Every structure is written in C-alpha cells, then in structure tokens.
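J.: Our numbering numbers the first residue of the sequence shown as 66 and each following residue consecutively.
Each residue gets a CB set at the ideal place from its N, CA and C atoms; glycine is no exception.
The model shown is predicted, which means the values in this text are computed figures rather than measured ones.
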Amino acid sequence: MNRTLLLILILSSILHLSFILVSQPFMERNFDAESWLVCGGAVAEGNNVYITGEARCNYPPLWYYLIAPWIFLLGKTYATMIPIKIMLTAFNLLMSVVLYHLAAYKLSERAALTIAGVYAFHPISVYIAAIHGQIDGIAIFFVMLTIYLLVRYSRENDQRLLDLAALSIGLGAALKIFPIFLLPFLLFRKEVTKKIRFFLLAGVPGALVFLPYIFSIESLIAIKTYVLGYGGGFAGWGFALLLRVFLPENILIVISAWLKPLATPIALAAVVVVGWLARKQELLVGATAVFVALFIFLQNWAAQYVIWLLPFAVMAPHWPSIAHQVSSTLAAAFWAGSNIVKVITVLGLTTSFLLGLSSIFRIVTWVTVIIWGCYLISPRLRRFLEKAL
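1) Please report the Cβ distance between Y124 and K260, rounded to the nearest whole angstrom; I am assuming they are in contact, meaning their Cβ atoms lie under 8 angstroms.
2) Under a three-way DSSP split, which group does E110 fall into?
3) Do you know offhand how far H81's Cα is from V183's?
4) In this structure, does DSSP put S173 in helix, strand or coil?
5) By DSSP, does L458 sit in helix, in strand, or in coil?
6) Using the C-alpha atoms, what's the distance from G202 back to I193?
7) So, for L159: in the same chain, excluding its five sequence neighbours on each side, which residues have a beta-carbon less than 7 angstroms away from its beta-carbon?
8) So the candidates are Y143, A169, S190; which of them puts its Cα closest to the Cα of D97?
9) With three or more beta-carbon pairs closer than 8 angstroms as the criterion, would you say the region 73-90 touches the region 99-112?
10) Where does I286 land, buried or exposed, given buried means 16+ other C-beta within 10 angstroms?
11) Measure the alpha-carbon distance for L131 versus S161 and round it to whole angstroms.
12) Mark A332 as exposed unless 16 or more other C-beta atoms lie within 10 angstroms of its C-beta, in which case mark it buried.
13) Between the alpha carbons of R447 and L342, how many angstroms are there, rounded?
14) When burial is assigned at 16 or more other CB atoms within 10 Å of the CB, is Y170 buried or exposed?
15) If you follow the alpha helix (DSSP H) that R68 is part of, which residue opens it and which one closes it?
16) For a test of the three-state rule: what should DSSP assign to C104, helix, strand or coil?
17) Starting from S281, trace the alpha helix (DSSP H) both ways and give me its first and last residue.
18) Taking the Cβ atom as the reference point for each residue, do F263 and A204 lie within a distance shorter than 8 angstroms?
19) What is the DSSP secondary structure of I442, reduced to helix, strand or coil?
20) Could you spell out where the alpha helix (DSSP H) holding E221 opens and where it closes?
21) In angstroms, rounded to a whole number, what distance separates the CA positions of N67 and K345?
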C-alpha cells in the first residue's frame, strides 16, 4: 500500500476514534441509536425485527444482522454504539481506499491521494460514522465499489469482476434501499454484457436477508411501507419551496398528501430516464447524474443523505470540466449555507429573515443541483456552460 495513503488512513482512524469517544455521552439523545438498539436487539433475541412494536425498523435486515452480535454481547446499552461506530469508521476508511484506486485509474497519483484524503477527513463522512452513527456511508461504499469493479472489468474483461459488481450493488441495497436506484443505469450500460445474470446476482443479497420475513403478512406490510418506500415527500422537494411564494400552506398540505404516495414511482421514473440519457457517458459521470437526480427528490437534505453524493463531489474538482467544478461547488456551498442558518434557528435565534434565508439557500441549491445533473447528461448544455465559463 502507498505509504501516504497508509498515513491518511491511520490519522483518519485516530480522528474518528476521538469523535466516537467525545460524542458517546450524547448518544442518549440520538434517536437512531435508540432505534438500532431496539431493532438490532430484536434480531439478537431471535425475534421478528419488523413486528417488534417498540420502534419502526426502516432498513433491510442486513444492517440489523451486522449490529446484533454487538448487542448480544454488550446488551441494549449505549456503550454498544462504540463498536458499531468503529465498524462504520472501517467502511469510511475502505471508501477512501476505493476512491484512491478509482481515481488512480483516471487521474494522477497525486490527485488520487488528494481525493482519498479529502473523503477520509471530510466533516460529513466523519460526522456520519463517528458522531451520528448512520449507515449511509456503508451503502454508498458498495455503490463506489461497484463502479470501481465495473471500471476494472471494462479494461480487464474478467467476468468475475462483473459478478462481484452485481453482488456489491446488491449488498448496498440490502443495507439501505437507495443503491437499487443505480441498477437501471447499470443495466443500460454496454459493458454490462450478461444483463439477466447481473440482475439476478444483484438480487441475491436482498433475497437472502429478506427470506426469513416473507412468511409473515405483518412483516410484508411493514417492509412494503417502511423499507421499500422511498420516503420522499413533496413538501421537501426544492420546487415546493418555490410554490410557497405563490400558494398558501393549507393548499400545499393537500398537494403534499396527494403526491406523497407517488414519490417513489416518480423518483424511480426520474432515475430511469436519467440513466437512459446517461448510458453512453463515462461510467462515473453517468452514475453521478443518477445520484444527482435521486438527490433532487429527497424530502430531507440532512448530512446522512448528502453523503450519497459526497464521493462523487470530492472527485469533481479534479475532473477537467470547469462547468462541472463550478456547479458542484456551488451546490455544496448553498447546502452548507442552508444548514448553517438551520443551526442558528435551532439555537433559538429564529427570525423571519433567517427562515427566509434558509429557504432561499435550499431553492438555489435545488436549482444548482438540477443544472449539475443536466450538465452531466446533456452534451449541448455542457458545451454552452463550458463556453460561458
């Protein structure tokens, strides 16, 4: 292993561990930590995780299988979050390794080390793994591993790499459902030659982890409602903020209630269309476009969802296009501004001006993200923006 990369991983490990220990006293206030203990505890006790009655278990079973041994050994105490966060940290470090090798294929050694270092020390990746203790970093790791394996397959033409890529995207979706939205784009790609085999292999992890729960009607209802539902709500979409300028809140509530059940099909249709349009783009560019499209439909732009785009974003400054660099940087800046304002309001400094400023930040972020996505899939817009910038 490259010595500089090894040093990055060691220092990042120390940073993560420090935040794990510092944040431990505050775990009792963490709703997700409480949910992990209840749902993982149900698995550890041999119970059906989807009908516990104590908490809503929103994720596929694989995550609960991973944390159940720790809960079995340490009990349903918040001390269990320490080994769980260490596991999340390990996947953060593995992500840096994957990004390093992926960037080394396309860019210079120096750029690859920079990208790996930025992710290893990025506040969002550190926060998600070491402070919050959320699993999105593991799921997006398997997405990037899939892309890396496909890049290698396109050069080496080794069927085993293609099979591993299919299993990788399946493992990601078996942890948290969002990686499955990349599958249509992958099936459109010409390098995915044996498409039926790829599709079936991608479904193996999910089929195995869900198998114990398909014989209970209650479990199936819970899985359909809470696990397979996309969770996107119209009121949180960017254009809903624009409509608030023209429509009263009571009308928005009615529109939101009508559209919420359609959020998953609409999001799926959007990523399928974007995947088709981006099918001839470079693999990493097309995958970025898909996740940009998916991000637009999120009802919540919390840090755990931003990490879906983070691996693509840390690579963006090293891509040759100025327009891509500018649009992705602006989107990140406006998202940060929105959340800074949100923190200020949470601290009690709520004013109509700050609330309005937060909405403006979110609107501009949404518009910028759309421009970024259109740029990624439209050669005509790409040429226009590159000339303009």
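T.: With the given structure in hand:
1) Indexing the sequence shown from 1 puts residue 124 at position 59. Indexing the sequence shown from 1 puts residue 260 at position 195. Wrong, their Cβ atoms sit about 28 angstroms apart, outside the cutoff.
2) As a first step, residue 110 must be located in the sequence shown, where it is residue number 45. If DSSP states are grouped into helix, strand and coil, E110 belongs with coil.
3) By one-based count along the sequence shown, residue 81 stands at place 16. By one-based count along the sequence shown, residue 183 stands at place 118. Taking the straight line joining both Cα atoms gives about 14 angstroms.
4) Here residue 173 refers to the residue found at position 108 when the sequence shown is read from its first residue. Coil.
5) Nothing can be reported for residue 458, as the shown portion of the chain is limited to 66 through 454.
6) In the sequence shown, residue 193 corresponds to position 128, counting from 1. In the sequence shown, residue 202 corresponds to position 137, counting from 1. Approximately 7 angstroms, taken between the alpha carbons.
7) Along the sequence shown, read from residue 1 onward, the residue named residue 159 stands at position 94. Result list for L159: F206, in chain order.
8) Residue 97 sits at position 32 when you count from the first residue of the sequence shown. D97 has its Cα closest to that of Y143, out of Y143, A169, S190.
9) no
10) Translated into the one-based positions of the sequence shown, residue 286 becomes position 221. So I286 ends up on the exposed side.
11) Taking the first residue of the sequence shown as 1, we reach residue 131 at position 66. Taking the first residue of the sequence shown as 1, we reach residue 161 at position 96. In a straight line, the C-alpha of L131 is about 21 angstroms away from that of S161.
12) For the purposes of this step, residue 332 is taken as the residue at position 267 of the sequence shown. Looking at its Cβ environment, which holds 16 or more other Cβ atoms inside 10 Å, A332 is buried.
13) Your numbering for residue 447 matches position 382 in the sequence shown. Your numbering for residue 342 matches position 277 in the sequence shown. If I take the Cα positions, the gap works out to 14 angstroms.
14) What you label residue 170 is simply residue 105 of the sequence shown in a count that begins at 1. The residue in question, Y170, is exposed, as its Cβ has fewer than 16 Cβ neighbours within 10 Å.
15) Taking the first residue of the sequence shown as position 1, residue 68 is located at position 3. Here the alpha helix (DSSP H) through R68 covers 68-88.
16) Stepping through the sequence shown from its first residue, residue 104 is reached at position 39. Helix, per DSSP.
17) For the purposes of this step, residue 281 is taken as residue 216 along the sequence shown, with counting starting at 1. Counting along the chain, S281 falls outside any alpha helix (DSSP H), and DSSP gives it neither H nor E.
18) Within the sequence shown, residue 263 is the residue found at index 198, counting from 1. Within the sequence shown, residue 204 is the residue found at index 139, counting from 1. Their beta carbons are not under 8 angstroms apart, which means F263 does not touch A204 by this criterion.
19) Translated into positions along the sequence shown, residue 442 becomes position 377. Residue state, collapsed to three classes: helix.
20) Here residue 221 is taken as the residue at index 156 of the sequence shown, counted from 1. Its alpha helix (DSSP H) spans residues 201-221.
21) Position 2 of the sequence shown, counted from the first residue, corresponds to residue 67. Position 280 of the sequence shown, counted from the first residue, corresponds to residue 345. Each residue's Cα considered, the two are about 33 angstroms apart.
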